[in-house]
Amino acid sequence: MIVCVILAVFAGYFLLPLWWLGVTATKRQGDFATTNGFWFSGFHLVENLRALFGYGDGIFARWLLNSAIYAGVGALAATVLSSMTGYYLAKFSFRGRSFLFSIVLGSVMVPSTVLALPLFLVFSKAHLVDTYWAVLLPSIVSPFGVYLSRIFADSSVPTEIIEAARVDGAGEFRIFTTIAQRLMLPGLATVYLFGFVAIWNSFFLPLLMLQSQDLYPATFGLYAWKGQAQMDPHVQLLVVIGSFVATAPLMAAFLALQRYWRAGLTLGALD
Amino acid sequence: MAERSFRRQRGRLVGLGFLSPFFVPFVLFYIGPVVYAAVQSTEVTQRVGGIFGTEVTRFGGVTQYAAVLTSGDFWSSLSRVVLLAAVQVPVMGAVALLLALLLDSPRVKLGRFFRLAYFLPFAVPGVVAAIMWGTLLDPNTSPIYQAGLHVDFLGGSLVLPSIGNVASWTFAGSNAIIFLAALKAVPPQLFEAARIDGAGDLRIAWSIKIPLVRPTIIFTGILNMIGVLQLITEPMIFRTITSEVTSGYTPNMLAYNAASTNQYQYAAAVSVTLAVITFAASFGFLRLLQRRSEG
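As given, the protein sequences belong to chains A and B, one line each in that order.
Using the numbering used here, the first residue of the first sequence is number -12, and each one after it goes up by one.
Using the numbering used here, the first residue of the second sequence is number 2, and each one after it goes up by one.
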C-alpha cells in the first residue's frame, strides 16, 4: 500500500508539469496566469495553434521543419555510420581495436564547449556558419551510437552466418548490407531513436552556429521567443503552446516505440 | 606468399571502408576541435602599435590558464556546478534507486503505467523542461504561487536548487528505469535463498540487490555528474526569467560569454580547464569507490 502511494506521488511529480503544459496550451491569453493552472478554463487550443503558426509570418512551422530535417537526416546518417563501425569493431579483430573503442567511449566526457567553440571558429573560416551544414555535420557523429551498435552486432549477428556467406563468395560489404544490417535492424532503430532525440533537443550548437531565424530548430526558436516574452506578454503564451507542439511528437514517438528505448536504456546501463 | 599479402592488403581496405565513414567525421568534428582548443588556449592576441594597430597572435604559454585560475568569476561558476553535482547527483541517484526497488517488488500494480510516467520527461527537450519549470516557479506566472505558496523559487539562494530540480525531473525517471533493468537481470534464486534464511524485503534490498546493481549506479552517477558540470541549457533559459542567473553562472556559460566577445583563447582555456576537471573528477570518483570496495 505505502509502496503504491510513494510511486503515485512521484508519478504526480513527473506528470503534473506536462499536464500543466497541455492544459495551458488550451487557454486564452487573459486566463493564462489568472485561472487555476492545472485545470481547464474554456478550450481554445485551435485558436492558439492558429496564433502560434500565424505569428511572425509562420516562422514556427519553418522551425519545426528545420528540427525535422536536422534530427531526421542527422540521426539517419549517424545510424548508418555507427552501424558500420560498430559492426566492424564487434566482428573483426585487428590491432588497435580496443584503443579505438576507448577513444570513442572517452569522448562522451568532453564538455560541449570544448567541441563547439573551436568548431565554430573552423566553420566560420570554411564559411559554414549560419547554414544547415553547421548543425547537420557535427550531428552525424554519435559515439554513443557506435557503442550501442557494437553491442547489438555482438548479440544479434552470429559469426557462423558471416563465415557461411564468405564461403559462398560474398564480399564483406555485401554481407554487411544484406545480412548483418538486417539482423541488427531492431537495435539500429534504438540508435536512430536516441540520435533523433539528442539532435531534436540540442541547444548549444544552434546557439553558436546560427544567426538567421530561418535556420533555427524549434527548441532554439522557443529560447529566442522566451527572451522576448518579458517585453511582450503575448509571446509568453506562444512560448508555452510552442513548447507543447515541439514536445508532443517526441512523446508520441516514445510511447509508440517503447520496445526500442527500453533496449537502449538497458544496454546503456551495462558497463 | 603473394596471395597472402594480397589478402592482407584487401583486409586493410575493408577495414578502412568500414571505419572511415565514422572516424573521418569523428576526427574532424570531435578530436580536431579538442586539439584546436588545446592549442588556442596557449595563445595570446595582442594589438601592436596602439588601438588601431594590427592584431598579432603568438604563443603565450600558460597566460590564459593563469587568467582563468585567478578569475573570481571562474571559481564562483565552478563552485556552483560542483555544489550542484555534490548534492543533486546523489539525491537523484537515491530517489531513482528507491523508485527502481519499489517498482521491482512483485506486489506493485500498474507497473507499466508508472514506468512510462517516469520515463516521459526524458523525451522532453531541455529547453522545454526549463521553460515549463521556469514558468511554474516564476511568481508572475506560477500557479503554485497563486495557490498561496508565496515562495520565490527563482530568487536568491533558491535558483540553484530550482535548476537542480529541472535536471532531476528530466533524468530521475530514466535512471530509475535503467536501475530497474539491472535489477531484473539479477537471478531470482539469489533472493529466494535469502528469504528462506529469514531476510526481509529491506534486508534483501540493502544486502543483495543494491550491491549487485552497484556498477550500474556508479556508471550512471558519473554520467550525471559530467552532465551537471557542463550545465548550460537550463541556466540560459532561467536567465531570461530571473536576473539571479548571471551571464557567467556556469563554466560553460562563462566560456560561451567569452567567445561571444571574441575572447576565444580565454574561452578555450575555460573549456579545457573544465574538461580536465571533469576527467579528474570522473576517474577520482571511480578510484575512490574501487578502493572502498576493496578495503
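The beta carbon of each residue, even a glycine, is placed where N, CA and C say it ideally should be.
These numbers come from a predicted model, not from an experiment.
{"query": "Thr164 (chain A) classed as buried or exposed, judged by whether at least 16 other C-beta atoms fall within 10 angstroms", "result": "exposed"}
{"query": "Val144 (chain A), DSSP secondary structure in three states", "result": "coil"}
{"query": "Distance between Leu124 (chain A) and Phe88 (chain A) (C-alpha atoms, nearest Å)", "result": "22 Å"}
{"query": "Proximity to Met171 (chain A) [Cα-Cα], best of A:Pro204, A:Val133, A:Arg153", "result": "A:Val133"}
{"query": "DSSP state of Glu235 (chain B) mapped onto helix, strand, coil", "result": "helix"}
{"query": "DSSP-derived helix/strand/coil call for Thr100 (chain A)", "result": "helix"}
{"query": "Within-7 Å CB hit, Ile278 (chain B) to chain A", "result": "no"}
{"query": "is_contact[Glu150 (chain A), chain C] using C-beta, thresh 7 Å", "result": "No chain C is part of this structure, whose protein chains are labelled A and B."}
{"query": "Rounded separation between Val33 (chain A) and Leu225 (chain A) - CA only", "result": "13 Å"}
{"query": "Chain B contacts made by the region 46 to 73 of chain A, where a contact means CB separation under 7 Å", "result": "Leu68, Ser69, Met71, Thr72"}
{"query": "Cα-Cα separation, Ala186 (chain B) to Ser126 (chain A)", "result": "33 Å"}
{"query": "Contacts around Asp258 (chain A), its chain only, beta-carbon distance under 6 Å, and the 5 residues preceding and following it disregarded", "result": "Per-residue confidence for Asp258 (chain A) stands at a pLDDT of 38, beneath the threshold of 50, marking its modelled position as unreliable; no derived number is given."}
{"query": "Val229 (chain B) vs Ala97 (chain B) beta-carbon contact at 7 Å", "result": "no"}
{"query": "Those runs of the beta strand (DSSP E) which lie wholly inside the region 11 to 67 of chain B and span at least 3 residues", "result": "44 to 49, 55 to 60"}
{"query": "Any C-beta of chain B under 7 Å from that of Gly214 (chain A)", "result": "yes"}
{"query": "For His221 (chain A), the three-state DSSP class (helix, strand or coil)", "result": "helix"}
{"query": "Contact set between the region 164 to 196 of chain A and chain B, restricted to residues whose Cβ is under 8 Å from the partner", "result": "Val184, Trp187, Asn188, Phe190, Phe191, Leu194, Leu195"}
{"query": "7 Å Cβ cutoff, Gly24 (chain A) in contact with chain B", "result": "yes"}
{"query": "Contact with chain B by Asp258 (chain A), beta-carbon distance below 7 Å", "result": "Here the model assigns Asp258 (chain A) a pLDDT of 38, short of 50, so the residue's position is not dependable and the matter cannot be decided."}
{"query": "Inside the region 164 to 235 of chain B only - alpha helix (DSSP H) runs reaching at least 4 residues", "result": "190 to 197, 202 to 205, 211 to 230"}
{"query": "Closest by C-alpha distance to Ala113 (chain A), when choosing among A:Ile138, A:Leu180, A:Met196", "result": "A:Met196"}
{"query": "Cβ-Cβ separation, Leu102 (chain A) to Pro34 (chain B) (assumed contact under 8 Å), whole Å", "result": "5 Å"}
{"query": "Candidates B:Ala101, B:Ser163, B:Tyr146: closest to Gln89 (chain B) by CA position", "result": "B:Ser163"}
{"query": "Distance, Thr46 (chain B) Cα to Phe53 (chain B) Cα", "result": "14 Å"}
{"query": "Members of the region 80 to 109 of chain B near chain A, C-beta cut-off 9 Å", "result": "Val96, Leu99, Leu100, Leu103, Leu104, Ser106, Arg108, Val109"}
{"query": "Cβ separation of Thr66 (chain A) and Val178 (chain A), assumed to be a contact under 8 Å, to the nearest whole Å", "result": "5 Å"}
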